[in-house]
Amino acid sequence: MTNESFENVILELRRGVIVLAVLSQLDKEEYGYSLINGLKELGLEIDQGTLYPLLRRLESQGLLQSNWRIEADRPRRYYVLSTEGRILLPRLKQEWAGIVSMMKKVL
Amino acid sequence: MSTILIDAYVSEIGRRLPRKTHTDIEAEIHSILQDMLEERSQKTGKPIDEEMTLDVLKAYGAPEKVAATYQGERYVIGPQLYPIFMQVLRIVLMVIGILAAIGLGVAIYQMVGRPQNAFEIIIKAVANFGASVMTALGNIVLIFAILEWALYRASKKVEVKGLPKEKEWDPRSLTKVSSPNQVKMGETIVEIIGCFAAIVIFNFNPQIFGFGYAPNGNWYLGTGNWTSIPLLSERFFYFVPYLTLVWALTIALDIVLLRMGHWNTVTRINSIGLKVIGIIIAAVMLAGPSLIAVTAPTLATVLGDAEGARVLMTLLTQAVRVVLWLAIIGGSIDVIRVIYRTVTATN
Numbered sequence: 786m787t788n789e790s791f792e793n794v795i796l797e798l799r800r801g802v803i804v805l806a807v808l809s810q811l812d813k814e815e816y817g818y819s820l821i822n823g824l825k826e827l828g829l830e831i832d833q834g835t836l837y838p839l840l841r842r843l844e845s846q847g848l849l850q851s852n853w854r855i856e857a858d859r860p861r862r863y864y865v866l867s868t869e870g871r872i873l874l875p876r877l878k879q880e881w882a883g884i885v886s887m888m889k890k891v892l
Numbered sequence: 043m044s045t046i047l048i049d050a051y052v053s054e055i056g057r058r059l060p061r062k063t064h065t066d067i068e069a070e071i072h073s074i075l076q077d078m079l080e081e082r083s084q085k086t087g088k089p090i091d092e093e094m095t096l097d098v099l100k101a102y103g104a105p106e107k108v109a110a111t112y113q114g115e116r117y118v119i120g121p122q123l124y125p126i127f128m129q130v131l132r133i134v135l136m137v138i139g140i141l142a143a144i145g146l147g148v149a150i151y152q153m154v155g156r157p158q159n160a161f162e163i164i165i166k167a168v169a170n171f172g173a174s175v176m177t178a179l180g181n182i183v184l185i186f187a188i189l190e191w192a193l194y195r196a197s198k199k200v201e202v203k204g205l206p207k208e209k210e211w212d213p214r215s216l217t218k219v220s221s222p223n224q225v226k227m228g229e230t231i232v233e234i235i236g237c238f239a240a241i242v243i244f245n246f247n248p249q250i251f252g253f254g255y256a257p258n259g260n261w262y263l264g265t266g267n268w269t270s271i272p273l274l275s276e277r278f279f280y281f282v283p284y285l286t287l288v289w290a291l292t293i294a295l296d297i298v299l300l301r302m303g304h305w306n307t308v309t310r311i312n313s314i315g316l317k318v319i320g321i322i323i324a325a326v327m328l329a330g331p332s333l334i335a336v337t338a339p340t341l342a343t344v345l346g347d348a349e350g351a352r353v354l355m356t357l358l359t360q361a362v363r364v365v366l367w368l369a370i371i372g373g374s375i376d377v378i379r380v381i382y383r384t385v386t387a388t389n
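As you go down the protein sequences, you meet chains A and B in turn. Here the first sequence is numbered in the numbering used here, starting from 786 and rising by one per residue. Here the second sequence is numbered in the numbering used here, starting from 43 and rising by one per residue.
So, in structure tokens, the structure goes:
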């Protein structure tokens, strides 16, 4: 397997966990850039071109809500879990635990 | 300078996004870029300048790529409609090919004894064929693109809050006979194309139905640079607005049906209404004055053959009557069929 193919597979693997990772960080309000940095500190690097459209999509699906706030003389958009997102998150975490345990057996 | 750069970059992205969302996305990207610049400035201990802004913009990505991430995959003609598009295209191209071959055959027949015009006639036939293919292709693509857009909008509405839900697909549908309530996509699209073509032809290009003849005495059916005698009378064009309304409403009903995917009582009643109006129009056309404008003496002048002109006129008059009778009978059968299905579906 070439290095490029390996990178692509890793990218695919990571893509699958991004939604859960993002939702898990938004029980408190965060703006996009702080969210990217927060996840980076935890070891998950997300491309901006992936994160911001994803946040909008999750909002349009009703899992997140957002509001603009002025901070340091300029606007920032803050995202947080909606009521539906809060209901869905524990179920997703449970599903994830199931996947991990299943993959442990598989591998 | 850095603000100008950011504004230009952000508006370049916004230009590529749908009108409804671009202002909001532009504002968000603007805010993100400022966050990035501030962080970089703090890390390096340097003030924000043009070079730093250029670096950040480069890292953020080309405007077209950034804009693309905000839009899902979109098609002019997507996988759902593509097989039907190809089917319709094949049929239309075949019909155009046959008509072109007939036209060329007639032209070659007329050419006998005048071989000096052969090259010009063949070139004209090829050019006409090319123009017809391009027109047909353009119109078909346009219709399918509109349908694709309508279906895309409908699919967006199907999404419910939470996880996106798709219509359940049953693999047995690959082999089973379709239920009477299911909308037949192919048939419906062909009807839309037929109605669209009728609206365009009768409202904007009615001269297609005419006799053209050249000064040298040649004549043929269709258009061209030659003198043309209209085939259809003013009486016919009196009905065109009514027919256009029926065709337009039929297209609207078909689009609703495609979006719903199944028939219900309301759509069936609407369909019956439109078919009954169509039958009434056809009956009034049949009972009224002639719909043919050209007369036997005019044809005789063009053809130079009085007997041939008389026969052709009789054929034309009868052909119009047959078409109208077919419309009435076919429409009536359709109405009975739809009424039967409405009653059985209600029971």
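Ideal Cβ positions, reconstructed from N, Cα and C, are used throughout, including at glycine.
key: Per DSSP, the bridge partner or partners of residue 853 of chain A   = A/862
ask   = Would you call the CB atoms of residue 287 of chain B and residue 335 of chain B closer than 8 angstroms?
value = no
task = Could you please tell me which residues of the stretch 830 to 843 of chain A, in chain order, have their CB closer than 8 angstroms to any CB of chain B?
result = 833, 834, 835, 837, 838, 841
inquiry  = Within a Cβ cutoff of 7 angstroms, which residues of the same chain sit near residue 873 of chain A, ignoring the five residues on either side of it in sequence?
reply    = 848
ask   = Rounded to a whole number of angstroms, what is the C-alpha to C-alpha distance between residue 862 of chain A and residue 845 of chain A?
value = 15 angstroms
query = Near residue 318 of chain B, which residues of its chain fall below 7 angstroms by C-beta distance, leaving aside the five closest residues on each side in sequence?
reply = 377
key: residue 292 of chain B classed as buried or exposed, judged by whether at least 16 other C-beta atoms fall within 10 angstroms   = buried
ask   = alpha helix (DSSP H) containing residue 232 of chain B: first to last residue?
value = 227 to 246
key: Continuous alpha helix (DSSP H) stretch holding residue 104 of chain B: start and end   = Per DSSP, residue 104 of chain B belongs to no alpha helix (DSSP H) and is neither H nor E.
task = Select from B/331, B/308, B/44, B/92 the residue whose C-alpha is nearest the C-alpha of residue 223 of chain B.
result = B/308
request  = Confirm, please, whether the CB-CB distance from residue 316 of chain B to residue 227 of chain B is below 8 angstroms.
outcome  = no
task = Kindly list the residues whose CB is nearer than 8 angstroms to the CB of residue 865 of chain A, restricted to its own chain and excluding five residues on each side of it in sequence; keep chain order.
result = 811, 812, 813, 814, 815, 849, 850, 851
key: Given 8 angstroms, three or more beta-carbon pairs between the stretch 99 to 108 of chain B and the stretch 48 to 57 of chain B   = yes
query = Along the stretch 81 to 104 of chain B, what residues have a CB closer than 9 angstroms to any CB found in chain A?
reply = 81, 101, 102, 103
key: Own chain residues within Cβ distance below 6 angstroms of residue 120 of chain B, not counting five before or after   = 190
request  = Taking only the alpha-carbon atoms, compute the straight-line gap between residue 130 of chain B and residue 142 of chain B and give it to the nearest angstrom.
outcome  = 18 angstroms
query = Does the stretch 325 to 335 of chain B come close enough to the stretch 363 to 373 of chain B to have 3 or more Cβ pairs within less than 8 angstroms?
reply = yes
inquiry  = Under 8 angstroms, Cβ to Cβ, is there at least one residue of chain B near residue 871 of chain A?
reply    = no
task = Hey, could you find the ends of the alpha helix (DSSP H) residue 64 of chain B is sitting in?
result = 61 to 86
message = Please give the ranges of any alpha helix (DSSP H) in the stretch 122 to 182 of chain B, keeping only runs that are unbroken, at least 4 residues long and fully inside the region.
response = 124 to 153
task = Could you spell out where the alpha helix (DSSP H) holding residue 303 of chain B opens and where it closes?
result = Per DSSP, residue 303 of chain B belongs to no alpha helix (DSSP H) and is neither H nor E.
inquiry  = My output table needs one value for residue 55 of chain B: the three-state DSSP class, helix, strand or coil.
reply    = helix
task = Compute the Euclidean distance between the alpha carbons of residue 835 of chain A and residue 111 of chain B, then round it to the nearest angstrom.
result = 7 angstroms
6 angstroms CB neighbourhood of residue 127 of chain B in its chain, flanking five on each side removed = 119, 186
key: C-alpha gap between residue 807 of chain A and residue 76 of chain B, whole angstroms   = 22 angstroms
key: Inter-residue CB distance, residue 277 of chain B and residue 332 of chain B (contact presumed, cutoff 8 angstroms)   = 7 angstroms
ask   = Using a beta-carbon distance cut-off of less than 9 angstroms, what residues from the stretch 49 to 79 of chain B approach chain A?
value = 63, 66, 67, 69, 70, 71, 72, 73, 74, 76, 77, 78
query = Going by DSSP, what residues sit across from residue 815 of chain A in a beta bridge?
reply = A/864
ask   = How would you list, in chain order, the residues of chain B whose beta-carbon sits under 9 angstroms from the beta-carbon of residue 864 of chain A?
value = Per Cβ cutoff of 9 angstroms: no residues; residue 864 of chain A is ~10 angstroms from chain B at best.
query = Where are the alpha helix (DSSP H) runs, 4 residues long or more, that stay fully inside the stretch 304 to 340 of chain B, in chain order?
reply = 307 to 329
key: Contacts of residue 817 of chain A in chain B (Cβ-Cβ under 9 angstroms)   = 70, 73, 74, 77
ask   = If the cut is a Cβ gap below 8 angstroms, which residues of chain A does residue 107 of chain B touch?
value = 834
Simplified DSSP assignment, three categories, for residue 184 of chain B = helix
Backbone CA spacing between residue 358 of chain B and residue 337 of chain B [nearest angstrom] = 10 angstroms
query = Closest by CA to residue 893 of chain A, which one among A/843, A/841, A/818?
reply = Only positions 786 to 892 of chain A appear in this structure, which leaves residue 893 of chain A out of reach.
query = CB of residue 314 of chain B to nearest heavy atom of the ligand NAP: below 7 angstroms?
reply = As presented, the structure is devoid of all ligands, the ligand NAP included, so that no description of it is given.
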